[in-house]
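Chemist: Each residue of the sequence shown is one higher than the one before, counting from 2 in our numbering. The beta-carbon is built from N, C-alpha and C at its ideal position, and this holds for glycine as well. If you're wondering where the values come from, they're calculated on a predicted model, not measured in any experiment.
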Amino acid sequence: MAQAQIKLLGAKEIEKMFGDLPKQINQYSLWKALWRKIAKETADEIELEVPEKTGQLKKSIGFFTTKRSKNFMGIYLGPRIKKSFSSRDKTGFYGAFVEYGDEVMFGGKARGKAQKFMKPAWESNKNTMTKNALKEATEIAARAIKRLGY
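1) Span of the alpha helix (DSSP H) holding Tyr29?
2) In terms of DSSP beta bridges, what is Pro80 paired with?
3) Among Lys136, Lys127 and Lys60, which has the Cα closest to the Cα of Ile82?
4) Based on Cα-Cα distance, which residue from Leu149, Lys117 and Thr66 lies nearest to Trp36?
5) Across the stretch 112–129 and the stretch 33–52, are there enough close Cβ pairs to call them in contact, namely three or more that are closer than 8 Å?
6) Can you give me the C-alpha to C-alpha distance between Ile7 and Lys71, rounded to a whole angstrom?
7) What do you get for Gly96, buried or exposed, if any count of 16 or more other CB atoms within 10 angstroms of its CB means buried?
8) How should Phe73 be labelled, buried or exposed, when 16 other C-beta atoms within 10 angstroms of its C-beta is the threshold for buried?
9) Enumerate in chain order the residues of its own chain whose CB-to-CB distance from Glu137 is below 8 Å, with the five nearest sequence positions on each side excluded.
10) Using CA coordinates, which residue listed in Glu48, Leu49 and Lys33 is at the minimum distance from Ile76?
11) Please report the residue range of the alpha helix (DSSP H) in which Gly96 lies.
12) Taking the alpha carbon of Met119 as the reference point, which residue from Pro52, Ser30, Leu31 and Asn27 has its own alpha carbon closest?
13) Using beta carbons (cut-off 9 Å, strictly below), is Lys117 in contact with chain B?
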C-alpha cells in the first residue's frame, strides 16, 4: 500500500508571518481608530437623544481614553469631563445624574427624573456595532498581513 506524503511549502514563511502579526495588530492607535469608526453612529444617536437644557452635556459627548482603556485596546464613549472639558462651563460630569436620575441621590438629598440618552442609543446600535467590529477587525488583520508582504 502506498503512503501519501505531504510537504507544506512555505511553512517557515507562514510561521514568520504569524509571528510578526501580533506586532502589527498590537498597536493601540489602530484599535482606537477601529472603535471610533464603528461607534460613530452610536455617538451621533446619543447626541440626538441627550436632553438639551443648556447644550453643555451634548457638546461634551465624545470618545476618550484612559490608562485602563488602553490596557484592553478600547475607548470610552460618553460625557467627557477632563482636559479641555474640565472647566465648569464645558464639563459633562452630570451626565450620570441625567441618565440614572431615579437611581442616584444628588448630594444625598434628592432624586431626579431619569432621562435616558446613553442606553437607548446602545440598545439600538449594539448588534450593528458587533457585526461591524468583526468585519473591521478582519480587514485590519488582512491589511496587517499585506503590510508584512504576504
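Modeler: Straight from the coordinates:
1) Tyr29 to Glu50
2) Ile62
3) Lys60
4) Thr66
5) yes
6) Note on Ile7: pLDDT 46, under 50, position unreliable in the model; no value is reported.
7) buried
8) exposed
9) Leu35, Lys38 and Ile39
10) Lys33
11) Gly96 to Glu100
12) Pro52
13) Considering every chain present, this structure includes no chain B. It has just one protein chain.
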